[in-house]
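Quick notes on the structure that follows.
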Amino acid sequence: MLFEESGEANGIFEREIAPGEHTLLFSYVKDGSVANGSDQATVYDIKVECPDIDIDEEDFAEFITTLEDYPAFKEEIQLVYDEYLQLDDSATEDDRRKATKRYNEVKNRIKSAIEAIESIVNRIAEIDTLSDLNSYSELKEALNVAKTISTASTTTEVLEAHKLINQEWAVYCAFHTNMDEWNFSNYYNIGGFSVYLDNQNKVSRVYLGNDTLPCVDKTLILPRTFEVNGEFFPVVYIEGTDNTYNSNRNSIEHITIPNTVQYIGNYAFYNIDNLKQLDIPASVKKVASSF
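Residue numbering for the sequence shown follows the numbering used here, starting at 866 and increasing by one per position.
Below is the structure:
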């Protein structure tokens, strides 16, 4: 299912629905923002897929032979296949479908992990050539984690290391972009944050002008990066507006800015009247006059 809000594509969404008859309701609620956009939401390209009931035995036999060099992966797929085989005559069609779905999920996860190992090896080689690596502690730490990965690692270990090193590599690359060339266009709403992406430089801008912001215990913690379609976009720029409704903004007392932000734009903290603590990292190179 594709979702588009105010003329900007927000991504692909998937939902699992139990067997039976269902009524699906899609709703759109206008917030207090006066930013540009058509103030509408569109849902389109809805696809309904029904998973297989049973596992193809030949498919399993063929797949597991490809995992001789990956003992942990082999154990993972064997485990879910054994769980499927343990289903007896009392198992319902839904039980068998769920077991098959689980098998396919693990199989696809293993395929992703095998690709990730190759990607990790290539990334390690690239990072090891950096002359300024010691200036980026998070990247150095991610590199050390990546170097622990082997063909004996589990899919969880591989995929987590792959995500970490790609995230920190994106942060490193963001610090080597030209601020004057940033061009934020594609809009996403991610976790309650209004995010604009620069697909060329792979960086993001967070708009803090919304009437509500996702804070916890009176604290607003901005993410270091946003992941969109498998790519990481470090937050390098934050800004707001001088035309903002109050809502929950007055409840915010503490804001933590990540060490990826390089530019604090105008009105970033406008109408956050009870702000008591603002953590600004050394990464910030430029601050607007009316921040």
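For every residue, glycine included, the Cβ atom is placed at its ideal position computed from N, Cα and C. The structure presented is a predicted model; accordingly, all values stated were derived computationally and were not measured.
>> In this structure, how does DSSP classify residue 936 when only helix, strand and coil are distinguished?
In response: Of the three classes helix, strand and coil, the one that applies to residue 936 here is helix, per DSSP.
> Quick one: is residue 872 buried, meaning 16 or more other Cβ sit within 10 Å of its Cβ, or exposed?
Replying inline: Low confidence applies to residue 872: its pLDDT is 48, below 50, so where it sits in the model is not reliable enough to give any reading.
> Looking only at its own chain, which residues have a Cβ that is under 7 Å from the Cβ of residue 972, when we skip the five neighbours before and after it?
Replying inline: Excluding residues within five positions, the ones whose Cβ falls inside 7 Å are 928, 942.
> Quick one: Cα of residue 1090 to Cα of residue 1133, how far?
Replying inline: If I take the Cα positions, the gap works out to 18 Å.
> For residue 1002, is the classification buried or exposed, using 16 other Cβ atoms within 10 angstroms of its Cβ as the cut-off for buried?
Replying inline: Label assigned to residue 1002: exposed.
> Taking the DSSP output, what are the residues bridged to residue 1151?
Replying inline: Beta-bridge partners of residue 1151 (DSSP): 1128.
>> For residue 958 and residue 918, I'd like the C-alpha separation in whole angstroms.
In response: CA-CA distance, residue 958 to residue 918, rounds to 7 Å.
> At which residues does the beta strand (DSSP E) containing residue 986 begin and terminate?
Replying inline: DSSP places residue 986 in no beta strand (DSSP E) but in the uninterrupted alpha helix (DSSP H) bounded by 958-992.
>> Which runs of the beta strand (DSSP E) at least 3 residues long sit entirely within the stretch 1008-1072? Give them in chain order.
In response: Annotation: the stretch 1008-1072 contains the following complete segments of the beta strand (DSSP E) (minimum length 3 residues), in chain order: 1051-1055, 1058-1063, 1068-1072.
>> Quick check on DSSP: helix, strand or coil for residue 872?
In response: Its pLDDT being 48, under 50, residue 872 is placed unreliably by the model, and the measurement read from it follows with that caveat. DSSP places residue 872 outside both helix and strand once states are collapsed to three, so it counts as coil.
> For residue 881, does the count of other Cβ atoms within 10 angstroms reach 16, so buried, or fall short, so exposed?
Replying inline: Answer is exposed; the Cβ neighbour count stays below 16.
> For residue 1131, which of 1081, 1068, 1029, 1102 has the nearest alpha-carbon?
Replying inline: Of the listed residues, the one whose Cα sits closest to residue 1131 is 1102.
> Excluding the five sequence neighbours on either side, which residues of its own chain have a C-beta within less than 7 Å of the C-beta of residue 1022, listed in chain order?
Replying inline: Excluding residues within five positions, the ones whose Cβ falls inside 7 Å are 1014.
>> Residues in the same chain with beta-carbon distance under 7 Å from residue 952, minus the five sequence neighbours each way, listed in chain order, please.
In response: Closer than 7 Å at Cβ, skipping near neighbours: 960, 961, 964.
> Roughly how many angstroms separate the alpha carbons of residue 982 and residue 1005, rounded to a whole number?
Replying inline: Their backbone Cα atoms lie some 18 Å apart in a straight line.
> From residue 1039 to residue 945, what does the alpha carbon distance come to, in whole angstroms?
Replying inline: Whole-angstrom Cα-Cα distance: 41 Å.
>> Here's the rule: buried if 16 or more other CB atoms are within 10 angstroms of the residue's CB, otherwise exposed. What is residue 1049?
In response: A residue is called buried when at least 16 other Cβ atoms come within 10 angstroms of its Cβ; residue 1049 meets this threshold and is buried.
> When burial is assigned at 16 or more other CB atoms within 10 Å of the CB, is residue 1026 buried or exposed?
Replying inline: Counting the other CB atoms within 10 Å of its CB gives residue 1026 a total of 16 or more, which places it among the buried residues.
> If you drop the 5 nearest sequence neighbours on each side, which residues of the same chain put their C-beta closer than 7 Å to that of residue 1138?
Replying inline: Same-chain partners within the cutoff: 1115.
>> Closest to residue 911 by C-alpha separation, out of 933, 879, 922, would be which residue?
In response: Residue 911 has its Cα closest to that of 879, out of 933, 879, 922.
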